[in-house]
Amino acid sequence: GAVVSQHPSRVICKSGTSVKIECRSLDFQATTMFWYRQFPKQSLMLMATSNEGSKATYEQGVEKDKFLINHASLTLSTLTVTSAHPEDSSFYICSARDLSTAGELFFGSGTQLSVL
Amino acid sequence: GEDVEQSLFLSVREGDSSVINCTYTDSSSTYLYWYKQEPGAGLQLLTYIFSNMDMKQDQRLTVLLNKKDKHLSLRIADTQTGDSAIYFCAETDSWGKLQFGAGTQVVVTP
């Protein structure tokens with residue numbers, strides 16, 4: 003099946019720094035990618051929908067100035083956590099929709115962010 | 142409350158069948174999904190069912206859908222240790238977005 007590569011898999015950073023997470027669709031084009039956040043023992047919560055060539059659509063309660071999303075090409079979306087704080091520590095997962103296969107969603111392997 | 146609900150934990154002996162249950166609220170859901178998440182990994186789509194079906198079988202996996210009760214279940218036959226993972230059910234809401242349950246941790250014991 004299609005592959006979504008997410009990078010890095012794990013990052014530890016100091017409070018106040020910014021962290022960029024990349025999500026790439028390796029063998030298909032994705033006009034739409036999604037960013038999720040998962041707290042331990044909880045469900046995945048959709049943070050935002052990333053649209054190629056236009057602004058991301060954020061879910062209610064998600065700060066767009068804190069979680070910057072850029073979808074500059076059909077195969078790459080990035081999520082930047084700006085001025086990270088310990089409460090931003092979480093597991094972040096991206097997914098991409100492959101329109102050639104009836105819109106099936108493929109997920110990246112996730113990024114564990116720990117903010118000290 | 143949660144739009145998609147599932148029990149948090151299931152323990153099953155190797156070789157037995159596992160049944161994971163899920164209830165959802167959006168009656169307009171077109172597709173319902175089961176995903177598997179292994180430790181530290183992303184989600185892997187296991188199977189899905191279209192809302193006009195009531196059963197789908199795929200090798201060891203059987204999905205049952207009761208649309209009237211908005212109840213979805215996943216049965217894993219002959220459960221193996223490699224089936225230990227967290228299983229998420231998900232529905233697509235009216236906007237086409239996936240809404241996930243909190244996940245069921247399945248632990249397979251020898």
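Chains as they are written, first to last, in the working numbering: chain A, 3 to 118; chain B, 142 to 251. For each residue, glycine too, the CB sits at the ideal point set by N, CA and C.
Query                                                                                                              : Result
3 or more residues per run - each beta strand (DSSP E) lying fully within the segment 19-66 of chain A             : 21-27, 34-40 and 46-53
Contiguous beta strand (DSSP E) assignments of at least 3 residues, all confined to the segment 152-177 of chain B : 159-165
Against chain E: residues of the segment 172-196 of chain B by CB proximity under 9 Å                              : Structure shown: chain E not included; protein chains present are A and B.
Residue range of the beta strand (DSSP E) that includes leucine 76 of chain A                                      : Per DSSP, leucine 76 of chain A belongs to no beta strand (DSSP E) and is neither H nor E.
Collapsed DSSP secondary structure at threonine 250 of chain B in the structure displayed                          : strand
Residue environment, lysine 177 of chain B, which counts as buried when at least 16 other CB atoms sit within 10 Å : buried
Pairwise C-alpha distance: threonine 77 of chain A and leucine 8 of chain A                                        : Per the sequence shown, residue 8 of chain A should be read as glutamine rather than leucine. Whole-angstrom Cα-Cα distance: 12 Å.
8 Å Cβ cutoff, leucine 205 of chain B in contact with chain A                                                      : no
Per-residue contacts from glycine 112 of chain A into chain B (C-beta, under 9 Å)                                  : Gln178, Gly181, Ala182, Gly183 and Leu184
Among B:Gly156, B:Ser214, B:Gln185 and B:Ala231, nearest to valine 249 of chain B - alpha-carbon criterion         : B:Gly156
Exposure of aspartate 29 of chain A, with buried meaning 16 or more beta-carbon neighbours within 10 Å             : exposed
Three-pair Cβ contact test at 8 Å for the segment 107-118 of chain A versus the segment 144-164 of chain B         : no
Integer-rounded CB distance, given that leucine 70 of chain A should sit under 8 Å from threonine 59 of chain A    : 14 Å between Cβ atoms; not a contact.
Leucine 239 of chain B: contacting residues in chain A (beta-carbon distance under 9 Å)                            : Phe36, Tyr38, Leu46, Leu48, Ser97 and Leu107
Inter-residue Cα distance where the pair is valine 320 of chain B and threonine 19 of chain A                      : The structure shown has nothing for residue 320 of chain B, since chain B only spans 142 to 251.
Residue-level contact to chain B via CB, glutamine 62 of chain A, 8 Å cutoff                                       : no
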